[in-house]
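The opening position of the sequence shown corresponds to residue 502 in the working numbering, with each subsequent residue numbered one higher.
Cβ atoms here follow ideal geometry from the backbone N, Cα and C, with glycine treated the same way.
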Amino acid sequence: MATVILKKGEGRTIKAGGAWIFDNEIDKIYGDFENGDIIRVEDFDGFKMGVGFINTNSKITVRMLARWRDKIDDDFLYRRVRNAWEYRKKTVDINACRVIFGEADFLPGLVVDKFNDVLVVESLALGIDKLKNKLIDFLVEVLENDGIKIRGVYERSDAPVRKKEGMEPFKGFIGEPFDTEVDIVENGVKYLVNVEDGQKTGFFLDQKYNRKAIQGICSGAEVLDCFTHTGSFALNAALGGASHVTAVDISETAIEQARKNAEINGFTDRVEFITENVLDLLPKLAAEEKKYDVVILDPPAFTKSREATKKAVKGYREINMKGMKLVKNGGFLATCSCSHFMTEELFKKTIKEAAHAVHKRLRQVEFRTQSPDHPILWAADESYYLKFIIFQVVDEM
502 MATVILKKGE GRTIKAGGAW IFDNEIDKIY GDFENGDIIR VEDFDGFKMG VGFINTNSKI
562 TVRMLARWRD KIDDDFLYRR VRNAWEYRKK TVDINACRVI FGEADFLPGL VVDKFNDVLV
622 VESLALGIDK LKNKLIDFLV EVLENDGIKI RGVYERSDAP VRKKEGMEPF KGFIGEPFDT
682 EVDIVENGVK YLVNVEDGQK TGFFLDQKYN RKAIQGICSG AEVLDCFTHT GSFALNAALG
742 GASHVTAVDI SETAIEQARK NAEINGFTDR VEFITENVLD LLPKLAAEEK KYDVVILDPP
802 AFTKSREATK KAVKGYREIN MKGMKLVKNG GFLATCSCSH FMTEELFKKT IKEAAHAVHK
862 RLRQVEFRTQ SPDHPILWAA DESYYLKFII FQVVDEM
């Protein structure tokens, strides 16, 4: 096994419990290896720090797999998978949940979502890709030991980021083909999830309990759900007793799926879907002097890099200004950011600036993050990305 030696003073992240070693932190590498191999990591003074995957194609040259160990075997990998599942059983509804969340489950680069009796896999690192099939076999075994029969596994490793690891994007069946439209239930709402053609792995599970949180503020309310995607916030608003929900998304494909979801829940009489760019629609609604009891803003990430953060701040400020203008006095705004680079502090500062610009006062109802099946690993900042806040919006006197 080859050995990576860190430069003196480097490796602060993994010493604090993180998982990544960047190329500029490495002094030298001893021994033969191929990219994707498991290698040992030592500090500059020979102190053994653990083992991880190496890939010199990536700026993240080593992804730590275990600390204070010098080898990995099948028993170790099986226990990692089993521990991830046991954690979900204790913390979330397991009908649909993220079973493995990469570095936060100490399996770097691997994501596995469970939708009822189907697993969807995303492999984003070369090292984990080599172990992918073995880990999936272990997971299927763990689930079956709990009486859960998995009827199929689909891979959605089609993210462009794979190219940074020297891998091509890929999607397809692992094992025998199956019907890729899956029924799930979340918070009492039924959904049809298309794991082959839906965004990411087919459905955004990280907002699970944030969606449930809006049910209580929607009773009898006129609701505007922006960036509805497949209708999840809109349907939770309807389940919470909303009198009418207007749900908007730019994707006709997403809206078609959202309409199906509304139909199977019996909400078609109260949920209206519009295919339009939210940024274009909100000023039109303001010009018509439309007002809503609840406005929900769940935009896609406005930045996926540190360099674009300044532009993202402007985008979040603009969308929240437009949203606040449409909230009735005493109504509610639910707003979020799913960008890791839009930190909690920066997001709150941006919303505060938006409120000041449109002369609104905000009373925070609650602050939430991602669902517990997307655990936040302290010292691994990249695992904390979702911020969700519910405000009561009050006109300034």
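With a threshold of 16 other CB atoms inside 10 Å of the CB of residue i, please say whether the residue is buried or exposed.
i, result
"G832", "buried"
"P800", "buried"
"I586", "The question names Ile, yet the displayed sequence has Trp at residue 586. It is buried - the Cβ of W586 has at least 16 other Cβ atoms within 10 Å."
"P876", "buried"
"R934", "Absent from the model: residue 934. The displayed extent of the chain is 502 to 898, so no value can be given."
"T769", "exposed"
"E817", "A small fix is needed here, since residue 817 is Tyr in this sequence, not Glu. With 16 or more other Cβ atoms within 10 Å, it is buried."
"A520", "buried"
"N596", "exposed"
"S720", "exposed"
"D576", "exposed"
"F868", "exposed"
"T851", "buried"
"A743", "buried"
"F548", "exposed"
"H730", "buried"
"T592", "exposed"
"Y531", "exposed"
"E757", "exposed"
"T557", "exposed"
"K815", "exposed"
When DSSP labels each residue in this structure, what does residue i get in the three-state scheme?
i, result
"H857", "helix"
"Q716", "helix"
"L608", "coil"
"E642", "helix"
"T592", "helix"
"V696", "coil"
"F889", "strand"
"W569", "coil"
"T836", "strand"
"G767", "coil"
"I651", "coil"
"G831", "strand"
"S624", "strand"
"K635", "helix"
"Q708", "coil"
"L863", "strand"
"I601", "strand"
"G901", "Any question about residue 901 goes unanswered here, given that the chain covers just 502 to 898."
"G587", "What sits at residue 587 in the sequence shown is Glu, not Gly. Correct three-state label for E587: helix."
"S872", "coil"
"I877", "coil"
"K811", "helix"
"G689", "coil"
"T702", "coil"
"G816", "helix"
"T504", "strand"
"R884", "Here residue 884 is Ser; the residue named in the question, Arg, does not match the sequence. Reduced to three states, the DSSP call for S884 is helix."
"D659", "coil"
"F848", "helix"
"F734", "helix"
"E677", "coil"
"D574", "coil"
In terms of alpha-carbon separation, which member of the options lies closest to residue i?
i, options, result
"E764", "A809, Y692, I775 and A714", "Y692"
"A517", "P609, K590 and D882", "D882"
"K672", "G648, I715, V621 and D638", "V621"
"K812", "V552, M843, K529 and N525", "M843"
"L636", "D606, C837 and D659", "D606"
"K633", "G537, I530 and S744", "G537"
"G648", "D618, F674 and L863", "D618"
"G824", "V749, A802 and Q708", "V749"
"P609", "R589, Y588, L578 and K591", "L578"
"D659", "T729, Q716, F674 and K650", "F674"
"N688", "F679, P670, N711 and D698", "N711"
"T836", "K792, F679 and C727", "C727"
"T918", "F554, Q700, V894 and V552", "Missing from the structure shown is residue 918; the chain here goes from 502 to 898 and no further."
"C839", "F803, V828 and A858", "F803"
"F848", "Y886, W879 and V866", "Y886"
"V600", "D574, L786, L640 and G676", "L640"
"Q871", "V690, F602, I751 and E854", "F602"
"V612", "V894, N830, I890 and D874", "D874"
"A858", "R864, K888, K826 and H841", "K826"
"F889", "A714, E677 and K615", "A714"
"K509", "K829, G667, D528 and F523", "D528"
"V895", "K709, V552, L863 and E808", "L863"
"T810", "E845, T776, T681 and K861", "E845"
Does residue i have its Cβ less than 8 Å from a Cβ in chain C?
i, result
"P801", "As a matter of chain content, chain C is missing from the structure shown, which is built from one protein chain."
Three-pair Cβ contact test at 8 Å for the stretch 785-802 versus the stretch 722-739
Yes, the stretch 785-802 touches the stretch 722-739.
Could you give the uninterrupted runs of the alpha helix (DSSP H) lying entirely in the stretch 507-572, keeping only those of 4 residues or more?
Entirely contained in the stretch 507-572, the alpha helix (DSSP H) runs reaching 4 residues are, in chain order, 513-516.
Meets three-Cβ-pair contact criterion under 8 Å: the stretch 618-635 and the stretch 653-666
Counting C-beta pairs closer than 8 Å gives three or more between the stretch 618-635 and the stretch 653-666, which meets the contact rule.
Taking only runs of the alpha helix (DSSP H) that begin and end inside the stretch 746-796, which ones reach a length of at least 4 residues, in chain order?
The stretch 746-796 contains these whole alpha helix (DSSP H) runs: 753-765 and 779-788.
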